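Q:
In my numbering, the protein residues as written are 2 to 444.
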C-alpha cells in the first residue's frame with residue numbers, strides 16, 4: 002500500500018524540493034530495504050523541517066532505537082514549544098511518553114499534564130477522557146477514574162461503547178446506580194441517534210440479558226426504521242420477535258430481509274427452525290436448503306436434507322441441493338450417487354442423468370457399495386439405452402440389498418424386473434411371482 006504512494010510523493014518532491022525531496026527519497030530507500038540510506042535522508046529532511054510530525058516520529062523512533070531517550074524527548078519538546086496549541090501533537094507526545102516513560106514519574110506527570118491540557122480545551126472529549134482514565138487506573142486511582150468517566154461526552158458510538166465498558170469494569174456488577182447509568186446512556190444515545198448500528202446492537206443485547214425483551218425489541222425497531230439498510234440488525238429484530246412470540250411479524254421481517262439480500266444465512270436459519278417447529282415442512286426444507294447452499298455443511302447434512310426432499314417428491318430441489326453438495330465434497334461417492342438419482346427423477350434434467358450415473362460408478366472402488374436406490378435408478382437408465390442384461394443384474398442386486406423397511410422401493414424393483422421378463426417372454430412364472438410379492442408389499 003505504501004509503495005502506491007511513492008510516485009505521488011516523488012512528484013511532490015520534484016515540485017517543492019527541499020525537505021520533501023529528502024523525505025520522499027527516504028521512504029523510497031526504506032522500501033528498498035536500505036535502512037542506512039533511508040535514515041540519512043530522513044535526518045536531512047528533519048533538519049530542513051523540524052516541525053513536520055511525520056519526521057518528528059521517525060527521528061524520535063530512531064533515537065529510541067539508538068538508546069538515546071533524551072534525544073527522542075527533545076525532538077517532541079521542540080515541536081511542542083513551537084506548536085503549543087495543537088491538540089493532536091499534545092496527544093501524540095503524551096502517548097509517546099506512555100510508551101517510553103514507564104517507571105519514570107516525571108514522564109508520567111508530563112503525560113498527564115498533556116492530556117489534561119487537551120481536556121481543558123475540549124471538555125468531555127473521548128480522546129482526552131479515555132487517556133486520563135487510563136492514567137488514573139494505571140496508578141490505581143479508581144476514584145479519579147470514576148470522576149473523569151462522569152465527565153465523558155457520549156456524543157459518538159466510540160464514546161458510548163467506552164462509557165458502558167468502563168462503567169462495568171469500574172463498578173461492581175450488583176451496583177444498581179451504575180447499572181441505571183448504563184441504561185440511561187444507551188437510551189439517551191439512541192434517542193438522539195437511532196441509526197447507530199453498534200450501539201443499537203449493544204443496547205438490545207444489554208436489555209435482553211436484563212430480561213427486558215420489550216425494550217430490546219423497541220430499540221431495534223427504531224434503529225431499522227432510521228436505517229433500513231441495516232439488514233443484520235433487522236434479522237436480529239426478527240429473532241427477538243420470535244422469542245417474544247410475535248411470530249407473524251418475525252416471519253414478515255425476515256422475508257423482507259431476504260427480498261433485499263437472499264443470501265443472508267441467519268435469516269434462512271431462523272425461518273427454517275421456525276417452520277419446522279410449526280410443522281410447515283415445505284417451507285422449512287426450502288430455507289434449510291438455502292442455508293446449506295450458503296454456509297456449506299458436511300456431506301451427511303446434505304444427504305439428510307436431500308433424502309427428505311426426495312421423500313417429499315421435490316426432486317428438483319433435491320437435485321439443486323446435491324449439485325451444491327458435490328461441488329463442496331467432490332470426492333464423496335454417496336453424494337454423487339444421490340445426485341444421479343435426483344437428476345434422473347427431475348423432469349428438467351432427466352436426459353442428462355446417464356453421465357452422472359457413470360461418474361458415480363467410477364468413483365466407487367467396490368461395486369458392491371452401490372446404494373440399492375442407485376441400482377434401481379441406474380437400471381432404468383440402462384434399459385432406456387437398451388442394455389437389458391446389465392439392467393437386469395442391477396435390479397436383482399437392488400431387490401437383495403434394499404432394507405426391509407423400504408417396501409415401496411423393493412416393490413418397484415420387483416415390478417421392473419418382472420416387466421423385463423414379460424417383455425422378453427421368459428421366466429413368466431417367476432415374473433408373476435414377483436408381481437404378487439410386489440403387490441403384497443404395496444398393501
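Virtual Cβ for every residue (Gly too), placed ideally from N, Cα, C. Since this is a predicted model, take the numbers as computed values, not measurements.
Tell me the DSSP secondary structure of residue 453 in three-state form.
A: Residue 453 lies beyond the residue range present for the chain, which begins at 2 and ends at 444; the question has no answer from this structure.
Q: Check whether the region 323-341 touches the region 369-379, taking contact to mean three or more Cβ pairs, one atom from each stretch, closer than 8 Å.
A: With a cut-off of 8 Å, the region 369-379 and the region 323-341 count as touching, because enough Cβ pairs lie within range.
Q: Beta-carbon within less than 6 Å of residue 158's beta-carbon, same chain only, minus the 5 sequence neighbours each way: which residues are those?
A: Counting only Cβ-Cβ distances below 6 Å, and skipping sequence neighbours, we find 197, 199, 200.
Q: How would you label residue 130, buried or exposed, when you count the other beta carbons within 10 angstroms and need 16 or more for buried?
A: Buried is the call here.
Q: For the candidate residues 134, 188, 405, 254, whose alpha-carbon lies nearest to that of residue 120?
A: Measuring from the Cα of residue 120, the nearest candidate turns out to be 134.
Q: Under 6 Å Cβ to Cβ from residue 209, same chain only, skipping five residues before and after it: list those, please.
A: Within the same chain, residue 209 has close Cβ partners 217.
Q: Assuming residue 273 and residue 289 form a contact by the criterion Cβ under 8 Å, report the distance between their Cβ atoms to the nearest whole angstrom.
A: The Cβ separation is near 4 Å, so the contact holds.
Q: Taking residue 386 as the reference, give the member of 359, 370, 407, 408 with the closest Cα.
A: Checked all of 359, 370, 407, 408; the closest Cα to residue 386 is 359.
Q: Alpha carbon to alpha carbon, how far is residue 232 from residue 112? Give it in angstroms, no decimals.
A: Roughly 43 Å separates the two Cα atoms.
Q: According to the neighbour-count rule (16 or more other Cβ atoms, all chains shown, within 10 Å of its Cβ), is residue 91 buried or exposed?
A: By the neighbour-count rule (16 or more Cβ atoms within 10 Å), residue 91 is buried.
Q: Rounded C-beta distance between residue 236 and residue 264? I'm assuming under 8 Å.
A: The Cβ separation is near 12 Å, so there is no contact.
Q: With DSSP run on the structure shown, which of helix, strand or coil describes residue 76?
A: Residue 76 falls in the helix class under three-state DSSP.
Q: In terms of alpha-carbon separation, which member of 220, 124, 71, 122 lies closest to residue 101?
A: Selected option, being the one with the closest Cα: 71.
Q: Evaluate residue 293 with the Cβ neighbour count: other Cβ atoms within 10 Å of its Cβ, from every protein chain shown; 16 or more gives buried, anything less gives exposed.
A: Buried.
Q: Tell me where the alpha helix (DSSP H) around residue 159 begins and ends.
A: Residue 159 -> alpha helix (DSSP H) spans 158-171.
Q: Please list, in chain order, all residues of the same chain as residue 311 whose beta carbon is under 6 Å from its beta carbon, the five residues on each side excluded.
A: Contacts found: 319.
Q: My guess is that residue 395 and residue 379 are in contact by the Cβ rule of under 8 Å, so how many angstroms apart are they, rounded?
A: So it is a contact: roughly 6 Å between Cβ atoms.
Q: Residue 316 and residue 356 look like a contact to me (Cβ under 8 Å); what is the Cβ gap, rounded to whole Å?
A: Residue 316 to residue 356, Cβ: 17 Å. No contact.
Q: Is it the case that the Cβ atoms of residue 164 and residue 149 are separated by a distance below 8 Å?
A: No.
Q: Less than 6 Å between C-beta atoms, sequence neighbours within five positions excluded: which residues of the same chain meet that for residue 242?
A: Taken in chain order, the residues that qualify are 250, 251.
Q: Give a yes or no on whether the C-beta atoms belonging to residue 107 and residue 80 are separated by under 8 Å.
A: Against a cut-off of 8 Å, the Cβ pair of residue 80 and residue 107 comes out as no contact.
Q: Do you know how far the Cα of residue 431 is from the Cα of residue 388?
A: Roughly 21 Å separates the two Cα atoms.
Q: Of the choices 83, 415, 127, 64, whose alpha-carbon is the least far from that of residue 97?
A: Nearest option by C-alpha distance: 64.
Q: To the nearest whole angstrom, what separates the beta carbons of residue 418 and residue 400, a pair I think is in contact under 8 Å?
A: The Cβ separation is near 7 Å, so the contact holds.
Q: Measuring alpha carbon to alpha carbon, tell me which residue in 303, 331, 424 is nearest residue 322.
A: Here the closest residue by C-alpha is 303.
Q: I need the straight-line Cα distance from residue 39 to residue 138, nearest angstrom please.
A: Roughly 40 Å separates the two Cα atoms.
Q: Is it buried or exposed, residue 299, if we count other Cβ atoms within 10 angstroms and call 16 or more buried?
A: By the neighbour-count rule (16 or more Cβ atoms within 10 Å), residue 299 is not buried but exposed.
Q: Please determine, among 439, 215, 188, 269, the residue with the shortest C-alpha to C-alpha distance to residue 405.
A: It is 439.
Q: Thinking just about the alpha-carbon of each residue, which of 332, 125, 228 is nearest to the one in residue 365?
A: Minimum Cα distance to residue 365 is reached at 332.
Q: Roughly how many angstroms separate the alpha carbons of residue 191 and residue 55, rounded to a whole number?
A: Rounded to the nearest angstrom, the two C-alpha atoms are 38 Å apart.
Q: In terms of alpha-carbon separation, which member of 441, 424, 426, 429 lies closest to residue 413?
A: It is 441 whose Cα lies nearest to the Cα of residue 413.
Q: Cβ of residue 95 within 8 Å of Cβ of residue 74?
A: Contact flag unset, no.
Q: Could you name the residues of the same chain whose beta carbon sits closer than 8 Å to that of residue 189, not counting the 5 residues immediately before and after it, in chain order?
A: 155, listed in sequence order.
Q: Count the other CB atoms within 10 Å of the CB of residue 411; is the residue buried (16 or more) or exposed (fewer)?
A: The residue in question, residue 411, is buried, as its Cβ has 16 or more Cβ neighbours within 10 Å.
Q: Take the Cβ of residue 23 as the centre, count every other Cβ of all protein chains shown within 10 Å, and call the residue buried at 16 or more, exposed below.
A: So residue 23 ends up on the buried side.
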